[in-house]
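Working notes for the structure below.
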Amino acid sequence: MVFSERAHINAALQALVVCFVWSTSFIVTKYLYGEGIGPVTLTGLRYALASLVLLPLWWWRRHRTSPDSPQRPRLRLWTLIGLGLAGYAINPLGYTIGLTVLPAGWVGVVLGVNNTLQVLLFSALLLRERPTPVQLAAIVVATLGTVFFHLPGGAPADAVLLPTLAVLISGVGYALWVVGNRSLLRGVGPLELTFPSMLVGSLPVLCVGVAVEGLPRLPVSAWAVILGLAAINTSAAFLVWTHTQRALATHESAAINNTMTIQVALLAFLLLGEQLTAWQWALIGVVAAATLTVQTTGKPRPASEALTNG
4 MVFSERAHIN
14 AALQALVVCF
24 VWSTSFIVTK
34 YLYGEGIGPV
44 TLTGLRYALA
54 SLVLLPLWWW
64 RRHRTSPDSP
74 QRPRLRLWTL
84 IGLGLAGYAI
94 NPLGYTIGLT
104 VLPAGWVGVV
114 LGVNNTLQVL
124 LFSALLLRER
134 PTPVQLAAIV
144 VATLGTVFFH
154 LPGGAPADAV
164 LLPTLAVLIS
174 GVGYALWVVG
184 NRSLLRGVGP
194 LELTFPSMLV
204 GSLPVLCVGV
214 AVEGLPRLPV
224 SAWAVILGLA
234 AINTSAAFLV
244 WTHTQRALAT
254 HESAAINNTM
264 TIQVALLAFL
274 LLGEQLTAWQ
284 WALIGVVAAA
294 TLTVQTTGKP
304 RPASEALTNG
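And the structure:
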């Protein structure tokens, strides 16, 4: 499977749209926290409902396959469990714990820097995917731009060690999930990869949330918002994101994902009236230019090649 430059750019644009959708989740979850649902319960509920949304489509795809069509390789149970726990348990739980204690800006910085470094490390070790020198320089510029955007004065005084450590562990889960998806997409479709791993990863998070935070009592309007969050921001968004990883190298995906915290700030500016300084507007331009450089200066490499060479 060989990807054209046009397919590569299309995948990058799709990934950018997904990150924008994920950025809206921060505003939606703030509303839901105000309605009385705990952060861990909401995380587990969101992913569990999203996996149920994907179930009918997964079932239909599974049973419409012709007996004469070539047999796709099946994922091992332990692979699905590992992928699900990394992407849908460790990753969201880590930054959720951080957001309940730490300033959102600090969490954004730790996520941006740590996730990028973890992805670069694991993709180099496991997939033999490495950015070109120009891409690496652009990734460094984009990451530093994110840091200075959120924390022009350095780390806040209330950056507590343990919650920060939880956010760092979240980055390990994210990197393993991205690298795992990229490597497994050679013979498995995005839906076959997303649905079972999301279901496996969401259930323990939901159980922990209910056990610790209790069952939420929410108005009908809040449940409607949760269903929308599950269907659009989770099931559809994660399915499209996994699809884009066929064409995007892991460091290219990480560079796009790194723009999400700045997208959140832009949404807060547009919807909540939170002001941005001239310095922050300039940094938005720097991050955008660096991210574009990452996407346009590398050699498109299909997932199948990544797996074969790994």
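Note that the working numbering has the sequence shown beginning at 4, numbered continuously upward.
Just so you know, even glycine gets a beta-carbon here, dropped at the ideal spot from N, CA and C.
Flag this pair as yes or no: are the beta carbons of Gly97 and Val170 separated by less than 8 Å? Within the sequence shown, numbered from 1, the residue matching residue 97 stands at position 94. Within the sequence shown, numbered from 1, the residue matching residue 170 stands at position 167. The Cβ-Cβ distance between Gly97 and Val170 falls below 8 Å.
At least 3 beta-carbon pairs within less than 8 Å: the region 242-250 vs the region 105-119: In short, these stretches do not touch, since the Cβ pair count stays below three.
8 Å contact criterion, which Thr237 and Ala141 should meet: CB distance rounded: In the sequence shown, the residue the question calls residue 237 occupies position 234. In the sequence shown, the residue the question calls residue 141 occupies position 138. Between Ala141 and Thr237 the Cβ distance is about 30 Å, and since that is not below 8 Å, they are no contact.
Short of 8 Å in beta carbon distance, which residues of its chain neighbour Leu274, apart from the five on each side in sequence? Order them along the chain. Here the question's residue 274 lines up with position 271 in the sequence shown. The answer, listed in chain order, is Ile30.
Flag this pair as touching only if the region 194-205 and the region 118-136 have three or more C-beta atom pairs under 8 Å; answer yes or no. Short answer: they don't touch.
Does the beta-carbon of Val21 have 16 or more other beta-carbons within 10 angstroms, so that it is buried, or is it exposed? Your numbering for residue 21 matches position 18 in the sequence shown. With 16 or more Cβ atoms within 10 Å of its Cβ, Val21 is classed as buried.
In chain order, what residues of the same chain have a beta carbon less than 7 Å from the beta carbon of Ser28, not counting five sequence neighbours either side? Indexing the sequence shown from 1 puts residue 28 at position 25. Excluding residues within five positions, the ones whose Cβ falls inside 7 Å are Leu232, Asn236.
Can you give me the C-alpha to C-alpha distance between Ala281 and Val181, rounded to a whole angstrom? The residue given as residue 281 occupies position 278 in the sequence shown. The residue given as residue 181 occupies position 178 in the sequence shown. Cα to Cα, Ala281 sits roughly 34 Å from Val181.
Is it buried or exposed for Ala293, if we count other Cβ within 10 angstroms and need 16 for buried? Counting from 1 along the sequence shown, the entry for residue 293 is found at position 290. Ala293 is buried by the Cβ-count criterion.
Going by other Cβ atoms of all chains shown within 10 Å of its Cβ, with 16 needed for buried, is Ala51 buried or exposed? By one-based count along the sequence shown, residue 51 stands at place 48. Buried, by the Cβ-count rule.
How many angstroms separate the CA atom of Leu83 from the CA atom of Ala53? What you label residue 83 is simply residue 80 of the sequence shown in a count that begins at 1. What you label residue 53 is simply residue 50 of the sequence shown in a count that begins at 1. Rounded to whole angstroms, Leu83 to Ala53 spans 17 Å at the Cα level.
Spatially closest choice to Val122 from Asn261, Leu270, Phe272, Leu147, by CA coordinates: Taking the sequence shown and counting its residues from 1, the one referred to as residue 122 is at position 119. The candidate whose alpha carbon is nearest that of Val122 is Asn261.
Gly39 versus Ala92 - alpha carbon distance: For the purposes of this step, residue 39 is taken as residue 36 along the sequence shown, with counting starting at 1. For the purposes of this step, residue 92 is taken as residue 89 along the sequence shown, with counting starting at 1. Each residue's Cα considered, the two are about 21 Å apart.
Which residues in the same chain have their Cβ closer than 6 Å to the Cβ of Arg49, if we skip the five residues on either side of it in sequence? Here residue 49 refers to the residue found at position 46 of the sequence shown. Beyond the five residues adjoining it in sequence on each side, Arg49 comes within less than 6 Å, by CB distance, of Leu232, Ala233, Thr237 in the same chain, given in chain order.
Only counting the same chain, and skipping five residues up and downstream in sequence, which positions put a Cβ closer than 6 Å to that of Tyr177? Here residue 177 refers to the residue found at position 174 when the sequence shown is read from its first residue. Asn94, Asn118.
Run through DSSP, which three-state label would Leu248 get? Residue mapping note: residue 248 aligns to position 245 of the sequence shown, counting from 1. Sequence inspection shows Gln at residue 248; the Leu mentioned does not correspond to that position. Correct three-state label for Gln248: coil.
Leaving out five residues before and five after Val289 in sequence, what residues of the same chain have Cβ atoms less than 7 Å from its Cβ? As a working note, residue 289 is residue 286 in the sequence shown. Same-chain partners within the cutoff: Val144, Gly148.
Over the uninterrupted alpha helix (DSSP H) stretch that includes Val20, give me the two end residues. Within the sequence shown, numbered from 1, the residue matching residue 20 stands at position 17. For Val20, the enclosing alpha helix (DSSP H) stretches over residues 8-37.
Would Val175 pass as a contact of Thr146 if the rule is Cβ separation under 8 Å? On the sequence shown, position 172 is the one that residue 175 refers to. On the sequence shown, position 143 is the one that residue 146 refers to. It is not a contact, given that the beta carbons lie outside the stated cut-off.
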